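Be aware that the sequence shown starts at 40, since it is given in my numbering, and climbs by one per residue.
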Amino acid sequence: MRDGIHPSSVVEDGARLGDGVRIGPFCHIGPDVVLGDGCELVSHVVVAGRTTVGARTRIYPFASIGHPPQDLKFRGEPSTLTVGSDCLIREGVTMNPGTAGGGLETVVGNGCAFLANSHVGHDCRVGDHVIFSNNVMLAGHCTVGNYAILGGGAAVIQFARVGDHAFVGGLSGLENDCIPYGMVLGNRAYLSGLNIIGLQRRGFSREDIHALRRAYRLLFAQEGTLMERVEDVAAEFDTHPAIHEILAFIRAGGKRSICTPRPRLRGGLRRPAVIDPARPLALVAGAGHLPELVAASLDRARRPFRVLAVRGFTERAMRRRADAVVDLLDIPGTLRILKEWAPAAVVPAGGVTRPSPAALLNAAHAVRNRDILKSLAGGDDRLLRAVLSHCSKRTGTGCSASTRSRPTCSAALAGSAGWTRIPTRPSRSPRAGPCSAP
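Pasting the structure below:
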């Protein structure tokens, strides 16, 4: 080995190598590459394009650094890739330079660790001291803040942002922005809370963590819009820099929405309501096959029920069994029928499309319900919650369908309102009925 370069490696003319650079066997260094002082390429490493690697960065076998971006619109523009100092780049890592659509540069900060087979896409900006576990995939145009950690197999969609000190759980699919200090989990990922362990390891005080927790609860409460809650938190925590970092992240916005917590299934799922087995149920059938599954479950349990079809949504099989048909926004007519039937519980199942704001306004005026009127400006979650609450007060107990898939928004809200569940598949236990009492 001469001057730290193994004889089997190729260093193109024009490449600039700092003091103490070590290049192991079978490496290839392009003519426009800059390697900082003390860099080490263990073996079988390729560094191409207009790539700059900072001092003391170590790159392991089969890494591909600086080859053209994986963007079909790329036409050979003079784009760059900059990797900071003291980084660890393990086996099979790939990093691409920028494109014309993203500023022609990809930037990786200092002290980062990229474990085996992780990928940094074109036009990304990765902060300092970031950790990519094995097989992490960062699509193009993403931003990752300082001290963020991405668990093994996590995938981040293009243009997404991950804030400082955030944690993305292993195998998560992130399609929205993760706030600073946040923790997201699942596929698709939802906000699971704050990265408490990471904050403790970084030396945040107990008082700072408690303040962040209070701000988090206020930010993701159910009342008002997100921007309204941002202003409330800003007024209450006007001197806390970490909280203001979260607020600035939300205010700055991006091409993706903010990742929020998954609706919680509370109360009614743990303590189901007692339903009179002698009285029939009212199955309000929307679109899809879920109403048929619920009806089949009730048939197996020999529970009497009536079907209320929604005109334009209920499938043919359930229309044949319908005892009455109503329009989607005919709230007075629906309540009148349910009052006549006097069911033991109301079971909404199936989907409907959101009507126009004018139609919703007229329907809310028809029942003179202020909660529904107020909820129109708060998004689908608040609207569904108000409608479920209104129906529960007028008709008594409610039920929601229980499936083995991720619950829909309406099912989650029904559960949080204290509605009992009706399984859509046969139970393994002969004692468990579709509306079993606690």
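Note that CB positions come from ideal geometry on N, CA and C, so glycine has one too.
Only a predicted model underlies this, so the values are computations on that prediction, with no experimental measurement involved.
Please state whether the Cβ-Cβ distance between histidine 161 and glycine 179 is less than 8 angstroms. yes
Neighbour-count burial assignment, proline 343, 16 or more Cβ in a 10 Å radius: exposed
Start and end of the beta strand (DSSP E) containing alanine 199? Premise fails: alanine 199 is in no beta strand (DSSP E) and is neither H nor E.
DSSP puts phenylalanine 352 in a beta bridge; with which residues? Looking at the DSSP assignment, phenylalanine 352 forms no beta bridge with any residue, so it has no partner.
Quick one, which of Phe259, Gly190, Trp380 has its alpha-carbon nearest valine 323's? For the residues Phe259, Gly190, Trp380, the minimum Cα distance to valine 323 belongs to Trp380.
Candidates Arg358, Val349, Arg359, Gly293: closest to valine 1 by CA position: Since the displayed the chain opens at 40 and closes at 477, residue 1 lies outside it and no answer follows.
Taking 8 angstroms as the threshold, find out whether the segment 186-193 comes into contact with the segment 276-283 through three or more Cβ pairs. no
Please state whether DSSP places serine 103 in a helix, a strand or coil. Per DSSP, reduced to three states, the secondary structure at serine 103 is strand.
Roughly how many angstroms lie between the CA atoms of glycine 57 and valine 92, to the nearest whole one? 10 angstroms
Whole angstroms is fine: what's the gap from aspartate 42's alpha carbon to leucine 177's? Take the alpha-carbon of aspartate 42 and the one of leucine 177: they are about 36 angstroms apart.
Would you call leucine 111 buried or exposed, if buried means 16 or more other Cβ atoms sit within 10 Å of its Cβ? exposed
Which stretch, first to last residue, makes up the alpha helix (DSSP H) that contains serine 118? No alpha helix (DSSP H) contains serine 118, which DSSP labels as neither H nor E.
Residues in its own chain within less than 8 angstroms of leucine 367 by CB, not counting five upstream and five downstream? Val349, Arg350, Gly351, Phe352, Val391, Pro394
Applying the criterion that 16 or more other CB atoms from any shown protein chain within 10 Å of the CB defines a buried residue, is isoleucine 68 buried or exposed? buried
Using a Cβ distance threshold of 8 angstroms, determine whether the segment 241-255 contacts the segment 263-280, with at least three qualifying pairs required. Enough Cβ pairs lie closer than 8 angstroms, so yes.
Could you give the distance in angstroms between the alpha-carbon of threonine 138 and the alpha-carbon of methionine 266? 33 angstroms
How do the segment 314-334 and the segment 220-233 stand: do at least 3 beta-carbon pairs fall below 8 angstroms, yes or no? No contact exists between the segment 314-334 and the segment 220-233.
Rounded to the nearest angstrom, how far is the Cβ of aspartate 369 from that of valine 346, given a contact under 8 angstroms? No, aspartate 369 and valine 346 are not in contact; Cβ-Cβ is about 16 angstroms, not under 8 angstroms.
Among Ala94, Gly105, Val72, Val175, whose alpha-carbon lies nearest the alpha-carbon of glycine 209? Val175
Apart from the five residues just before and just after histidine 204, which ones in its own chain have a Cβ nearer than 8 angstroms to its Cβ? Gly184, Asn185, Tyr186, Ala187, Pro219, Tyr220, Asn234, Gly237, Leu238, Arg241
C-alpha distance - alanine 102 paired with arginine 114, whole-angstrom precision: 24 angstroms
Start-to-end residues for the alpha helix (DSSP H) that takes in serine 336: 329-339
In the DSSP assignment, what residue or residues form a beta bridge with aspartate 76? In DSSP, aspartate 76 forms no bridge with anything.
Delimiting residues of the beta strand (DSSP E) encompassing arginine 318: Element bounds for arginine 318: n/a, residue is neither H nor E.
Collapsed DSSP secondary structure at aspartate 247 in the structure displayed: helix
Leaving out the 5 sequence neighbours to the left and right, which residues in its chain are closer than 7 angstroms to leucine 224 when beta-carbon positions are compared? Result list for leucine 224: Gly208, Ser211, Ser231, in chain order.
Could you tell me the boundaries of the alpha helix (DSSP H) in which glutamate 275 lies? 265-275 is the extent of the alpha helix (DSSP H) around glutamate 275.
Strictly by DSSP, which residues pair up with proline 387? Val323
Look at cysteine 298 and cysteine 217 and say whether their C-beta atoms are less than 8 angstroms apart. Contact: yes.
Sub-8 angstroms separation of arginine 164 and valine 146 beta-carbons: Taking 8 angstroms as the Cβ cut-off, arginine 164 and valine 146 qualify as a contacting pair.
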